[in-house]
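Peer 1: Take this structure, written in structure tokens, and hold onto it; I'll ask about it next.
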Amino acid sequence: MEIVSSTKANVAILFIGLKNYAKAKKYLQEAIKYQESKSQDSGLCTSYLSMGNVFLKMKDTLNALKFYQKSIASSKIAGNNISMSSALNNMGSIKSQQQKSSEAIALFNKSKTLRDSLNLKKDESSLSLSIVKEHIMYHRFAEANKVLYKLKKEYQNDPNYQDNLLQTYQFFIHTYGYLKESDSVNYYNNLACKMQNTIIETAVARQTNELEEKYHSKKKEIQLLQKSIEIKNSRNASLLVSAIAIFIAFIGFLVYRQMKLRNKQQLQEFQLKSAIAKIETQNKLQEQRLQISRDLHDNIGSQLTFIISSVDNIKYAFELQNSKLDNKLSSISNFAKATIIELRDTIWAMNNSEITFEDLQGRIHNFVEKAKEAKQDIAFNFTIENSLKDSKFTSIEGMNIYRTIQEAVNNSIKYADAKNIKIDIKHQENHIVISIDDDGKGFDNDTIELGNGIQNMKKRIADINGEIEINSSPNNGTDIQIKLQTS
Numbered sequence: 016m017e018i019v020s021s022t023k024a025n026v027a028i029l030f031i032g033l034k035n036y037a038k039a040k041k042y043l044q045e046a047i048k049y050q051e052s053k054s055q056d057s058g059l060c061t062s063y064l065s066m067g068n069v070f071l072k073m074k075d076t077l078n079a080l081k082f083y084q085k086s087i088a089s090s091k092i093a094g095n096n097i098s099m100s101s102a103l104n105n106m107g108s109i110k111s112q113q114q115k116s117s118e119a120i121a122l123f124n125k126s127k128t129l130r131d132s133l134n135l136k137k138d139e140s141s142l143s144l145s146i147v148k149e150h151i152m153y154h155r156f157a158e159a160n161k162v163l164y165k166l167k168k169e170y171q172n173d174p175n176y177q178d179n180l181l182q183t184y185q186f187f188i189h190t191y192g193y194l195k196e197s198d199s200v201n202y203y204n205n206l207a208c209k210m211q212n213t214i215i216e217t218a219v220a221r222q223t224n225e226l227e228e229k230y231h232s233k234k235k236e237i238q239l240l241q242k243s244i245e246i247k248n249s250r251n252a253s254l255l256v257s258a259i260a261i262f263i264a265f266i267g268f269l270v271y272r273q274m275k276l277r278n279k280q281q282l283q284e285f286q287l288k289s290a291i292a293k294i295e296t297q298n299k300l301q302e303q304r305l306q307i308s309r310d311l312h313d314n315i316g317s318q319l320t321f322i323i324s325s326v327d328n329i330k331y332a333f334e335l336q337n338s339k340l341d342n343k344l345s346s347i348s349n350f351a352k353a354t355i356i357e358l359r360d361t362i363w364a365m366n367n368s369e370i371t372f373e374d375l376q377g378r379i380h381n382f383v384e385k386a387k388e389a390k391q392d393i394a395f396n397f398t399i400e401n402s403l404k405d406s407k408f409t410s411i412e413g414m415n416i417y418r419t420i421q422e423a424v425n426n427s428i429k430y431a432d433a434k435n436i437k438i439d440i441k442h443q444e445n446h447i448v449i450s451i452d453d454d455g456k457g458f459d460n461d462t463i464e465l466g467n468g469i470q471n472m473k474k475r476i477a478d479i480n481g482e483i484e485i486n487s488s489p490n491n492g493t494d495i496q497i498k499l500q501t502s
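Residue numbers (our numbering): 16 to 502.
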């Protein structure tokens with residue numbers, strides 16, 4: 016259920032990106048209801064933040080502030096300074112829109128302090144620009160310029176902050192325009208235009224050229240006007256030129272931002288479609304696996320059962336005097352029965368996308384019990400740490416582990432003349448260690464020629480990026496150690 020609630024919260028974020036706020040709100044309410052019932056503050060701090068963003072997008076600032084405050088409370092408990100700083104920043108934006116400047120700056124500064132401690136340079140810069148905007152709105156130009164000079168020094172040598180540097184130049188134009196310092200306005204206007212030309216795309220450049228033509232036309236008109244009225248209108252002409260330049264930069268920025276938002280939305284739509292397609296593909300693969308397993312069971316399984324039944328009928332229907340023939344028929348029947356068991360194991364693995372040690376324990380117990388029936392003089396001991404029972408593997412990994420253990424036990428039964436066989440599975444440092452020990456006659460590692468069974472064991476473990484070590488010596492039994500990396 017915890018995974019479901021987390022998934023719902025993530026789906027809600029996708030719907031926020033698609034501007035489907037009703038569905039985003041629905042999924043977030045379901046996720047929050049579960050997280051509140053379990054007191055999961057680590058999840059609630061982000062879910063409350065997302066719900067506040069939904070209400071903010073819906074222009075419901077009252078509820079937005081309510082959920083941002085809840086997010087801050089949960090973030091304090093969970094120690095999540097990232098979500099807390101985001102909630103403080105968003106509350107500052109709302110207070111700024113409500114023209115509550117002192118509250119807005121206080122919230123921005125709290126958010127900035129948190130992000131300073133987290134070394135979130137990009138977020139810190141965005142907050143600093145928000146504080147500048149607040150100073151400009153209330154004509155605190157000296158304070159604004161103090162922050163802007165610090166940001167300018169920080170941005171100029173970092174190509175990753177071109178957008179922020181452009182915004183810094185634009186704020187300088189605003190402040191010096193209000194302070195009526197035309198030289199500074201022209202200086203930062205030139206810097207802003209250069210930066211604009213560097214970062215805007217081709218479509219923006221076309222529109223900028225059209226505006227520049229209007230700008231040159233206006234400039235010529237101003238020059239003609241200057242000839243007639245000369246010094247009297249020179250100051251007004253400079254202001255007009257500056258205003259047009261600001262207008263060009265502002266329009267270019269708006270067009271660029273709109274294109275950026277559209278590209279972001281298209282990317283999110285593509286990611287959502289890709290996720291849906293991936294799920295559909297996985298469902299189709301699972302259906303194919305189920306179909307293959309049904310075909311194996313219905314066709315090959317029924318044919319093997321028919322072979323067993325036919326062999327048994329022949330043995331019962333005819334009094335076989337030829338012991339070799341009788342033994343051969345028994346061998347065929349036993350081989351078919353063993354093949355059915357192997358087939359069932361394969362079908363079991365195919366029908367499970369994930370296999371745990373608890374699943375493997377049941378399968379291993381089954382063949383150990385059958386081995387006990389065949390070799391009653393052998394004592395079997397199987398142990399597994401409780402903490403490992405829920406460890407998960409893919410169906411291929413689980414099947415390779417099972418087959419390797421099965422091969423090791425079968426070798427001990429067939430060739431070792433062992434009295435005791437022990438299977439032990441435990442956690443050791445960063446590995447899962449599987450030990451198969453017997454007290455049989457053993458063999459010499461240096462002189463014996465390894466058969467297909469041992470080679471298959473090594474290949475199966477290598478295929479799942481594990482390690483296998485086989486230690487044996489005459490009359491000292493055999494010890495097989497399998498090491499698997501834990502995730």
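For every residue, glycine included, the Cβ atom is placed at its ideal position computed from N, Cα and C.
Go through its chain and collect everything with a Cβ distance to K279's Cβ below 7 Å, but skip five positions before and after it.
Peer 2: Excluding positions up to five away in sequence, the list is empty.
Peer 1: Do you know offhand how far D494's Cα is from I476's?
Peer 2: Looking at the two C-alpha atoms, the distance is approximately 16 Å.
Peer 1: For Q171, report the span of its alpha helix (DSSP H) as first-last.
Peer 2: Counting along the chain, Q171 falls outside any alpha helix (DSSP H), and DSSP gives it neither H nor E.
Peer 1: Roughly how many angstroms lie between the CA atoms of I109 and G377, to the nearest whole one?
Peer 2: Taking the straight line joining both Cα atoms gives about 59 Å.
Peer 1: Would DSSP call I449 helix, strand or coil?
Peer 2: If DSSP states are grouped into helix, strand and coil, I449 belongs with the strands.
Peer 1: Specify the secondary structure class of A218 as computed by DSSP and reduced to three states.
Peer 2: Low per-residue confidence applies at A218: pLDDT is 39, beneath 50, and the placement is therefore not dependable, though the value from the model is reported in the following sentence. If DSSP states are grouped into helix, strand and coil, A218 belongs with the helices.
Peer 1: Consider the C-beta atom of A119 and the heavy atoms of the ligand GTP; say whether any pair is separated by less than 8 Å.
Peer 2: Judged by which ligands are present, the structure shown has none, so any question about the ligand GTP falls away.
Peer 1: Does DSSP put T128 in a helix, in a strand, or in coil?
Peer 2: It is helical.
Peer 1: Tell whether a beta-carbon distance below 9 Å holds between A93 and S62.
Peer 2: Result no, Cβ atoms of A93 and S62 do not sit closer than 9 Å.
Peer 1: Between K23 and the rest of its own chain, which residues show a CB-CB distance below 6 Å, the 5 nearest in sequence each way excluded?
Peer 2: If we look at K23 and ignore the five residues flanking it on each side, its Cβ neighbours are Y42, E45 and A46.
Peer 1: Give every residue of the same chain whose Cβ lies closer than 8 Å to the Cβ of A218, excluding the five residues on either side of it in the sequence, and list them in chain order.
Peer 2: Any answer about A218 is weak, because its pLDDT of 39 lies below 50 and its placement is not dependable; what the coordinates show is given next. Closer than 8 Å at Cβ, skipping near neighbours: V270 and M274.
Peer 1: With DSSP as the reference, identify every bridge partner of C235, one or two as the case may be.
Peer 2: The sequence given here has Lys at residue 235, not Cys. DSSP output for K235 lists no bridge partner at all.
Peer 1: Indicate whether D452 and D439 have their beta-carbon atoms separated by less than 9 Å.
Peer 2: Yes, these two residues count as a Cβ contact at 9 Å.
Peer 1: Quick one: residues in its chain with C-beta nearer than 6 Å to the C-beta of Y191, no 5 flanking neighbours on either side, listed in chain order?
Peer 2: Excluding residues within five positions, the ones whose Cβ falls inside 6 Å are S199 and V200.
Peer 1: Considering Cα atoms alone, identify which of S253, L103 and E228 is closest to L240.
Peer 2: Closest by alpha carbon: S253.
Peer 1: How would you call A423, buried or exposed, if buried means at least 16 neighbouring beta carbons within 10 angstroms?
Peer 2: The residue is buried, with at least 16 neighbouring Cβ atoms inside 10 Å.
Peer 1: What residue ranges within the region 40-115 form continuous alpha helix (DSSP H) runs of no fewer than 4 residues, ordered along the chain?
Peer 2: Taking only runs of at least 4 residues, the alpha helix (DSSP H) segments lying wholly in the region 40-115 are 56-72, 76-93 and 96-112.
Peer 1: Can you tell me the Cα-Cα spacing of F156 and N179, whole angstroms?
Peer 2: The alpha-carbon atoms of F156 and N179 are separated by roughly 19 Å.
Peer 1: Given this structure, state the Cα-to-Cα distance separating I379 from F372, to the nearest angstrom.
Peer 2: About 10 Å.
Peer 1: Report yes if the C-beta distance between Y430 and G413 is below 9 Å; otherwise report no.
Peer 2: Not a contact, by the Cβ cut-off of 9 Å.
Peer 1: What residue from F395, N445, D461 and N471 has the CA that sits closest to R418's CA?
Peer 2: Closest option to R418, Cα to Cα, is N471.
Peer 1: Could you check which residue in G67, S89 and T76 has the C-alpha nearest to that of Y83?
Peer 2: Selected option, being the one with the closest Cα: G67.
Peer 1: To the nearest angstrom, how far is it from the Cα of S164 to the Cα of Y203?
Peer 2: One detail in the question is off: residue 164 reads as Tyr in this sequence, not Ser. If you take the alpha carbons of Y164 and Y203, they lie about 12 Å apart.
Peer 1: Where does T501 sit, in a helix, a strand or coil, going by DSSP?
Peer 2: The answer is coil: DSSP assigns T501 none of H, G, I, E or B.
Peer 1: Between which two residues does the beta strand (DSSP E) holding A394 run?
Peer 2: Run containing A394: A394 to I399, per the beta strand (DSSP E) assignment.
Peer 1: On a CA-only basis, which of V448, A394 and I237 is nearest E400? Give me that one, please.
Peer 2: Closest option to E400, Cα to Cα, is V448.
Peer 1: Determine the DSSP secondary structure at I479, reduced to helix, strand or coil.
Peer 2: Coil, per DSSP.
Peer 1: Could you tell me if K127 is buried or exposed, where buried requires 16 or more neighbouring beta carbons within 10 angstroms of its beta carbon?
Peer 2: Counting Cβ neighbours within 10 Å, K127 comes out buried, since at least 16 surround it.
Peer 1: Just to confirm, are F268 and Q185 a CB contact at a threshold of 9 Å?
Peer 2: In contact: F268 and Q185 (Cβ atoms closer than 9 Å).
Peer 1: Pop quiz: E227 and I261 are said to be a contact at Cβ under 8 Å. What is the actual Cβ separation, rounded to whole angstroms?
Peer 2: Not quite, the Cβ-Cβ distance comes to about 14 Å (not below 8 Å), so this is no contact.
Peer 1: Count the other C-beta atoms from every protein chain shown that fall within 10 angstroms of the C-beta of D488, then say buried if there are 16 or more, exposed otherwise.
Peer 2: According to the sequence displayed, residue 488 carries Ser and not Asp. It counts as exposed.
Peer 1: So, at 8 Å on beta carbons, what are the nonlocal neighbours of L255 in its own chain, with the 5 sequence-adjacent residues on each side left out?
Peer 2: Closer than 8 Å at Cβ, skipping near neighbours: K233 and I237.
Peer 1: Taking all protein chains shown into account, decide if F408 is buried (16 or more other Cβ within 10 angstroms of its Cβ) or exposed.
Peer 2: That one is buried.
Peer 1: Please classify N460: does DSSP put it in a helix, a strand, or coil?
Peer 2: Here N460 sits in coil by DSSP.
Peer 1: Buried or exposed: where does M152 fall if 16 or more other Cβ atoms within 10 Å of its Cβ makes it buried?
Peer 2: Exposed is the call here.
Peer 1: From which residue to which residue does the beta strand (DSSP E) around K441 run?
Peer 2: Looking at the DSSP string, the run of the beta strand (DSSP E) that includes K441 is N435 to Q443.
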